[in-house]
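Chemist:
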Amino acid sequence: MPHIEFTSHLKRHLDCPPTNVGGATLRESMEEVFAANPQLRTYVLDDQQAVRKHVMIFLNGQPINDRIHLSDPVTEECEIYIMQALSGG
Amino acid sequence: MQFHVGTRKGLFTYEKNSQGWEITHVDFLGDNVSMLLHDRRDETLYAGLNLGHFGAKLRRSSDAGKNWDELTPPSFPEGETVPIPQFDGSEAKQKPASLSEIWSLEAGSDDQLGLLWAGTIPAALFSSKDRGDSWELNDSLWNLPERQQWFGGGKDESGVHSISVDPRDSKHITIAISCGGVWQTTDLGVTWSCRSDGMRAEYMPPDRQFDPVIQDPHRLVRCPAAPDNFWVQHHNGIFKSTNNCEKWEELTAEPSSFGFGVAVHPNDPKTAWFVPGVKDEVRVPVDGKLIVTKTEDGGGTFESLSAGLPQSHSYDIVYRHALEVDDSGELLIFGTTTGNLFVSENGGESWECLSTTLPPIYVVRFA
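As they're listed, the protein sequences go chains A and G.
Quick note on my numbering: the first sequence kicks off at 1 and runs consecutively.
Quick note on my numbering: the second sequence kicks off at 90 and runs consecutively.
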């Protein structure tokens with residue numbers, strides 16, 4: 001199953017332990033995470049459900065392609081990292 | 090006596106005891122606390138945070154800051170956009186609307202327990218009927234055609250920084266927008282009218298300088314005891330209205346009329362305080378001397394108050410929410426961009442410096 005980990009900066013504000021999720025796209029995987037942890041949503045996505053300007057999401061070490069719709073495909077072995085950008089602090 | 094100070098790196102609570110004023114509580118250390126509200130109706134404290142990477146957030150404490158609840162902040166419905174004005178006559182471009190900052194937070198009247206108002210960047214007004222648990226966008230303000238002409242002043246997007254509920258009628262609300270002028274509703278936000286007549290915008294071409302919908306009031310306050318009397322510290326100077334914003338009059342203060350904050354005496358509409366800077370392109374005190382200007386005659390004359398304030402090499406600016414007066418009209422506080430915090434217990438005649446080492450101060454509020 002895809003595996004998601006979160007930056008320690010985020011852990012200052014709310015509990016978000018590493019977790020395994022389902023889903024065929026990043027959007028589907030993230031919605032699964034938000035269903036279990038609703039407060040996390042506004043920390044990662046903006047009001048229009050795009051990735052926040054100063055949040056980075058990596059799939060298997062590479063920045064995602066689609067920051068608006070999160071349509072990047074995920075696979076069983078996928079590693080997803082939610083990080084803070086170096087800008088925006 | 091107690092007041093709260095929201096800064097770039099935390100929330101600091103001051104209390105006065107036999108030793109004087111002391112910090113008694115620190116919250117959100119390291120985080121940007123951009124707005125505060127102490128709701129006296131139920132002794133609840135609200136803090137608007139701006140977490141940079143992770144966006145604007147809202148927290149609530151019902152036990153004086155011992156514990157904080159995370160609330161879902163106001164958010165813009167799916168598909169909503171904000172304009173990017175073009176200034177060449179062409180139609181404004183649009184970008185997705187997303188909360189950047191909670192820029193004002195006010196309680197409803199005593200007969201509206203639980204009702205809160207939030208002004209935001211981008212410029213919008215939200216209301217909550219349940220102490221901030223949920224928020225509703227005020228559609229009629231949001232859908233005004235004039236909104237397409239609003240633009241940011243200092244911030245990338247326009248914003249609602251001042252909300253004043255009329256103590257005589259809680260359906261009457263006045264708000265101020267940078268840069269979008271002053272707007273008023275008399276039906277609890279069902280309809281709005283622009284009330285910036287008389288304001289002047291030097292930063293616009295000559296034919297638009299008196300255009301009411303693009304004015305940049307930096308801060309609007311109302312005298313509680315004489316609610317038709319308003320003061321505005323505007324980008325271009327000081328304005329007052331004595332007829333419920335029907336008409337504004339420009340006033341000139343020495344050494345400067347430029348600034349961000351304004352406080353009005355709670356019982357005397359002719360008395361108001363300001364903290365001036367040189368001008369918009371040089372945002373430091375005149376001659377490096379930090380002063381407060383005070384009028385007691387409705388802006389006919391302004392006195393410079395400097396006792397206890399640094400009079401050389403001061404580079405302090407006081408942001409729009411960082412100057413406050415209490416219910417007596419005698420106790421004033423202001424905090425600066427360089428982390429200096431001052432208190433006066435005699436209407437500004439003399440000042441005591443409480444700290445020179447706080448982070449940049451965004452907002453001060455009495456408990």
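All residues carry an ideal CB built from backbone N, CA and C; glycine is no exception.
Note that the structure is a prediction, hence the values are computed from the model and not measured.
Shortest alpha-carbon distance to A/Thr75 belongs to which of A/Ser87, A/Asn60, A/Tyr81, A/Asp66?
Modeler: Nearest of A/Ser87, A/Asn60, A/Tyr81, A/Asp66 to A/Thr75, Cα basis: A/Asn60.
Chemist: At the 8 Å Cβ level, is A/His3 part of the contact set with chain G, yes or no?
Modeler: no
Chemist: Take A/Leu45 and list the residues in its own chain whose beta-carbon comes closer than 7 Å to its own, dropping the five residues that flank it on each side.
Modeler: Val51, Arg52
Chemist: According to DSSP, is G/Tyr404 helix, strand or coil?
Modeler: coil
Chemist: Interface residues of chain G around A/Val55 at Cβ under 8 Å?
Modeler: In chain order: His142, Phe143.
Chemist: Pull out every residue of the region 49–75 of chain A whose Cβ sits closer than 8 Å to any Cβ of chain G, in chain order.
Modeler: Flagged, chain order: Gln49, Ala50, Arg52, His54, Val55.
Chemist: What are the boundary residues of the beta strand (DSSP E) that G/Arg130 is part of?
Modeler: Taken as a continuous stretch (DSSP letters only), G/Arg130 belongs to no beta strand (DSSP E), as it is neither H nor E.
Chemist: Could you check whether the Cβ of G/Ser229 sits closer than 8 Å to any Cβ belonging to chain A?
Modeler: no
Chemist: CA-CA distance, G/Asp116 and G/Val453?
Modeler: Going by C-alpha positions, G/Asp116 is about 14 Å away from G/Val453.
Chemist: How long is the line joining the alpha carbons of A/Gly22 and A/Glu79, rounded to whole angstroms?
Modeler: 12 Å
Chemist: Looking at the secondary structure, which residues open and close the beta strand (DSSP E) in which G/Lys383 lies?
Modeler: 381–384
Chemist: Anything in chain G within Cβ reach of A/Ala36, meaning under 8 Å, just list it in chain order.
Modeler: Ordered by position in chain G, no residue passes the 8 Å Cβ test against A/Ala36, which lies about 16 Å from the chain.
Chemist: Verify the CB distance criterion: does A/Asp15 have a CB-CB separation below 8 Å to chain G?
Modeler: no
Chemist: Is A/Tyr43 close to chain G, meaning its C-beta is less than 8 Å from at least one C-beta of that chain?
Modeler: yes
Chemist: For the region 154–231 of chain G, list the alpha helix (DSSP H) runs that are entirely contained and at least 4 residues long, ordered along the chain.
Modeler: 228–231
Chemist: Is G/Leu160 near G/Asp222, with beta carbons less than 8 Å apart?
Modeler: yes
Chemist: Pull the bridge partners of A/Asp72 from the DSSP assignment, please.
Modeler: Paired residues: none, contrary to the question.
Chemist: Compare the C-beta of G/Ala520 against all C-beta atoms of chain A and say whether one is closer than 8 Å.
Modeler: This structure leaves residue 520 of chain G out entirely; chain G is present only between 90 and 456.
Chemist: Note down, in chain order, every chain A residue with its Cβ under 7 Å from the Cβ of G/Ala181.
Modeler: When 7 Å is used as the limit between beta carbons, G/Ala181 is near no residue of chain A, the shortest such separation being about 18 Å.
Chemist: For a cutoff of 8 Å on Cβ pairs, would you count G/Leu188 as touching chain A?
Modeler: yes
Chemist: Got a sec: is the Cβ-Cβ distance from A/Leu10 to anything in chain G below 8 Å?
Modeler: yes
Chemist: Taking C-alpha atoms, which residue in G/Pro448, G/Ser417, G/Thr446 lies nearest to G/Ser433?
Modeler: G/Ser417
Chemist: So is G/Ser267 in contact with chain A if we call contact Cβ pairs under 8 Å?
Modeler: no
Chemist: Can we say the region 206–214 of chain G touches the region 162–172 of chain G, given the rule of at least three CB pairs closer than 8 Å?
Modeler: yes
Chemist: Pick from G/Tyr408, G/Lys359, G/Asn332, G/Ala456: whose alpha carbon is nearest that of G/Asp369?
Modeler: Among G/Tyr408, G/Lys359, G/Asn332, G/Ala456, the Cα nearest to that of G/Asp369 is on G/Tyr408.
Chemist: I believe G/Phe431 touches G/Gly350 by the beta-carbon criterion, under 8 Å. Please report the beta-carbon distance rounded to the nearest angstrom.
Modeler: Contact flag wrong, Cβ pair sits at about 12 Å.
Chemist: Nearest CA to the CA of G/Lys378: which residue from G/Ser345, G/Val353, G/Asp357?
Modeler: G/Ser345
Chemist: Going by DSSP, what residue range makes up the beta strand (DSSP E) through G/Glu104?
Modeler: Boundaries of the beta strand (DSSP E) around G/Glu104: 99–106.
Chemist: Please name the residue in A/Asp47, A/Glu77, A/Leu14, A/Met83 whose C-alpha comes closest to that of A/Ile64.
Modeler: A/Met83
Chemist: Buried or exposed for G/Thr445, going by 16 or more other Cβ atoms inside 10 Å?
Modeler: exposed
Chemist: Are there 16 or more other CB atoms within 10 angstroms of the CB of G/Met288, so buried, or fewer, so exposed?
Modeler: buried
Chemist: Which residues does DSSP pair with A/Leu59 in a beta bridge?
Modeler: A/Gln62, A/Ile80
Chemist: If the cut is a Cβ gap below 9 Å, which residues of chain A does G/Glu159 touch?
Modeler: Going along chain A in sequence order, the residues near G/Glu159 (Cβ under 9 Å) are His13, Leu14, Gln39.
Chemist: Given a cut-off of 8 Å, decide if G/Thr384 and G/Ala361 are closer than it, judged by their beta-carbon atoms.
Modeler: yes
Chemist: Which residue's Cα is closest to the Cα of A/Pro17: A/Glu31, A/Glu28, A/Ala36, A/Met1?
Modeler: A/Ala36
Chemist: G/Met124 and G/Leu194 look like a contact to me (Cβ under 8 Å); what is the Cβ gap, rounded to whole Å?
Modeler: 5 Å
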